[in-house]
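Student: The structure that follows is given in the form of structure tokens.
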Amino acid sequence: MALDQAQRAELLATPLVATLAVEDGTHRGPLVAPIWYAYRPGGDFVMFTGAGSRKAAAIRLAGRCSLLVQRDRPTYRYVGVEGTAGLSSADASVVREIAGRYLTGAALDDYVAEIVADPGASVAITLTPRHWVSADIGLGTAD
Numbered sequence: 004m005a006l007d008q009a010q011r012a013e014l015l016a017t018p019l020v021a022t023l024a025v026e027d028g029t030h031r032g033p034l035v036a037p038i039w040y041a042y043r044p045g046g047d048f049v050m051f052t053g054a055g056s057r058k059a060a061a062i063r064l065a066g067r068c069s070l071l072v073q074r075d076r077p078t079y080r081y082v083g084v085e086g087t088a089g090l091s092s093a094d095a096s097v098v099r100e101i102a103g104r105y106l107t108g109a110a111l112d113d114y115v116a117e118i119v120a121d122p123g124a125s126v127a128i129t130l131t132p133r134h135w136v137s138a139d140i141g142l143g144t145a146d
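Numbering of the sequence shown is given in our numbering, commencing with residue 4 and proceeding in unit increments.
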């Protein structure tokens, strides 16, 4: 059963690792990789990666990507989104917004300091949703 907007927002607010998929121009399957993200309700997804990474190169080339967020315990749910994507600088506030979903305290502070220590080494990926798909598979019960 498809998730309603509130259920979709609730799942996206959970600090789950997403899966990014983007065509990379190699005539193989799309590049698929795990990635941390933040979702700005009613707006965009934001992620970051190395400026010289395959992910960044593929986003530059394709100008779009897909993201899948899934909960892998009952009840199983997922949200998939596809849309336009672009790159910008990944400053400390963006890195903290994203990493703060997954880390806390000194671990978060140290991580942010490490990522921003080399200006230009990381880029932010902004995904503007164009198409959504979501479902509650309905197997099992929520805890």
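The beta carbon of each residue, even a glycine, is placed where N, CA and C say it ideally should be.
Within 7 Å (strictly less), CB to CB, does Pro37 reach chain D?
Tutor: Structure shown: chain D not included; a single protein chain is present.
Student: By a C-beta neighbour count over all protein chains shown, 10 Å radius and 16 as the cutoff for buried, is Met4 buried or exposed?
Tutor: Met4 is exposed by the Cβ-count criterion.
Student: Identify whether Ala145 lies in helix, strand or coil by the three-state DSSP scheme.
Tutor: Legend: pLDDT at Ala145 = 49, less than 50; position of this residue unreliable, no value from coordinates given.
Student: Measure how close the beta-carbons of Pro132 and Gly86 come, nearest whole angstrom, since I'm counting them as under 8 Å.
Tutor: With a Cβ gap of about 5 Å, Pro132 and Gly86 count as contacting.
Student: According to DSSP, Trp39 sits in a beta bridge with which residue or residues?
Tutor: Per DSSP, none; premise fails for Trp39.
Student: Suppose you measure from the CA of Ala41 to the CA of Ser125; what does that come to, to the nearest Å?
Tutor: Their Cα atoms are separated by approximately 16 Å.
Student: Under the three-state reduction of DSSP, which class applies to Gly103: helix, strand or coil?
Tutor: Residue state, collapsed to three classes: coil.
Student: Identify, in the order they occur along the chain, each residue of the same chain with its Cβ nearer than 8 Å to the Cβ of Ala145, setting aside the five sequence neighbours on each side.
Tutor: For Ala145, the predicted model reports a pLDDT of 49, less than 50, meaning its position is unreliable; a value from the coordinates is still stated below. Cβ within range, chain order: Pro77, Thr78.
Student: Rounded to whole angstroms, what's the CA-CA distance from Ala138 to Val82? Just pull it up for me.
Tutor: Looking at the two C-alpha atoms, the distance is approximately 7 Å.
Student: Can you look up Ser56 in the DSSP assignment and give me helix, strand or coil?
Tutor: Coil, per DSSP.
Student: Report the residue ranges of all alpha helix (DSSP H) runs contained in full by the region 75 to 99; include only those spanning at least 4 residues, in chain order.
Tutor: The region 75 to 99 contains no whole alpha helix (DSSP H) run of 4 or more residues.
Student: Along the chain, where does the beta strand (DSSP E) that runs through Leu23 open and close?
Tutor: 21 to 25 is the extent of the beta strand (DSSP E) around Leu23.
Student: Residues in its own chain within less than 8 Å of Pro37 by CB, not counting five upstream and five downstream?
Tutor: Counting only Cβ-Cβ distances below 8 Å, and skipping sequence neighbours, we find Val20, Ala21, Thr22, Leu23.
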